[in-house]
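Under the working numbering, residue 385 is the last one in the sequence shown; the count climbs by one each step, no gaps.
Even glycine gets a Cβ: it sits at the ideal position worked out from N, Cα and C.
For reference, the structure is listed below as structure tokens.
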Amino acid sequence: MHATLPLLATTTFPALRRRSVETLQVNLGYRCNQSCVHCHVNAGPQRKEEMTAETVDAVLAFVAASPEVGALDLTGGAPELNPHFRRLVVAARARGLRVIDRCNLTILEESGQEDLADFLAAHRVEVVASLPCYLEENVDQQRGTGTFTASIRGLRRLNALGFGKPTTGLILNLVYNPLGASLPPPQEPLAAAYREHLGREFGIVFNQLFTLTNMPIQRFGSMLISKGQFNAYLQLLRNAHRDENVERVMCRNLLSVDWQGYLYDCDFNQQLGLPIAGTGRQRLHLTDASASLLADRTIQVAEHCYGCTAGQGSSCGGALGNETAAAPVCGT
Numbered sequence: 054m055h056a057t058l059p060l061l062a063t064t065t066f067p068a069l070r071r072r073s074v075e076t077l078q079v080n081l082g083y084r085c086n087q088s089c090v091h092c093h094v095n096a097g098p099q100r101k102e103e104m105t106a107e108t109v110d111a112v113l114a115f116v117a118a119s120p121e122v123g124a125l126d127l128t129g130g131a132p133e134l135n136p137h138f139r140r141l142v143v144a145a146r147a148r149g150l151r152v153i154d155r156c157n158l159t160i161l162e163e164s165g166q167e168d169l170a171d172f173l174a175a176h177r178v179e180v181v182a183s184l185p186c187y188l189e190e191n192v193d194q195q196r197g198t199g200t201f202t203a204s205i206r207g208l209r210r211l212n213a214l215g216f217g218k219p220t221t222g223l224i225l226n227l228v229y230n231p232l233g234a235s236l237p238p239p240q241e242p243l244a245a246a247y248r249e250h251l252g253r254e255f256g257i258v259f260n261q262l263f264t265l266t267n268m269p270i271q272r273f274g275s276m277l278i279s280k281g282q283f284n285a286y287l288q289l290l291r292n293a294h295r296d297e298n299v300e301r302v303m304c305r306n307l308l309s310v311d312w313q314g315y316l317y318d319c320d321f322n323q324q325l326g327l328p329i330a331g332t333g334r335q336r337l338h339l340t341d342a343s344a345s346l347l348a349d350r351t352i353q354v355a356e357h358c359y360g361c362t363a364g365q366g367s368s369c370g371g372a373l374g375n376e377t378a379a380a381p382v383c384g385t
């Protein structure tokens, strides 16, 4: 796989400083039951890296010492495949934390996960489910044959438990990624198109749709290099940069933890191996830090950061601003 950091390190992206740490985003490991084209983690079934019980305990100790942190955002790979996932969820919810599970939907049908949906509902975990299009052909092209049908079954199961319905408080949000080297279409019109199609064809409801820009790193970045599209994609991101999005980028209030417990400004920097600024080449471990220690620190930036400020902007919570346009077809 092509290395992308050497092509991203020199940057003109504006300087950033962290505010308070409100969200701790924890990568529980790179093992996944899927191998998606757009994956910036390069996750897949053959990956072995996963967070240990000791590091899970360190995560809980960190949030106990950091009252600023109100949300625990669990990601991977497929975070649910980590054997300590459920213990972490239970402990975090007992502390009153908002817990988010970044779920690929097909994990709900994996052996040993048959009761996962019921577990998520019982502990009122927010589900952020990846569904990169509402059309079967586009989803299967990006994520593998049969993925769309399995995802629809997963969404129906979550709906049956009350997820995505306005009166239950069980949150189900969907995530869209472009199929190729383009920016996401405007979030609100695309959300309306998702609602209309999924509701009409499958009776599916959800709370919000988040549009995410594909980052030129790991598997997606390597694909761009192989196709000779890397520089053009970076130029697309730079040309679409909006200064107003800089104030709202997620790294100002989010801290990323890798499967070994080391800290990064965001999940993308984690995948590039860019440590928190001011630590040199040394990585800072969560056992040596607290949220208050990290407030008001410089954020490490590189060229990929334009992916978060291009167009309507992009974050783990979707678009940062608003754009209006005719309802688009997903998968472009």
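- Message: Using the three-state DSSP reduction, which class does ARG272 fall into: helix, strand or coil?
- Response: helix
- Hey, which unbroken runs of the alpha helix (DSSP H) at 4 residues or more fall wholly within the region 279 to 342? 283 to 292, 296 to 299 and 320 to 325
- Using the C-alpha atoms, what's the distance from PRO269 back to HIS357? 6 Å
- Work out the CA separation of THR65 and ALA355 for me, nearest whole Å. 8 Å
- Query: If you pair each beta-carbon of the region 111 to 120 with each one of the region 155 to 170, do three or more pairs fall below 8 Å?
  - Reply: no
- Quick one: measure Cβ to Cβ for PRO242 and TYR229, integer angstroms, because I've assumed they're closer than 8 Å. The Cβ separation is near 12 Å, so there is no contact.
- Task: Please state whether DSSP places THR198 in a helix, a strand or coil.
- Result: coil
- So, using beta-carbon positions, are ASP311 and ARG71 closer together than 8 Å? no
- Round the Cβ separation of ALA363 and HIS294 to the nearest angstrom and send it over; I've been treating them as touching at under 8 Å. 6 Å
- Query: Per DSSP, ASN135 is paired with what?
  - Reply: DSSP output for ASN135 lists no bridge partner at all.
- Task: Report the rounded CA-to-CA distance for ALA131 versus TYR317, giving the unit in angstroms.
- Result: 20 Å
- Task: Sort GLY165, GLU179, ARG148 and ALA175 by Cα distance to CYS156 and report the nearest one.
- Result: GLU179
- For GLN78, the residue or residues it bridges with in DSSP: ASP126 and SER309
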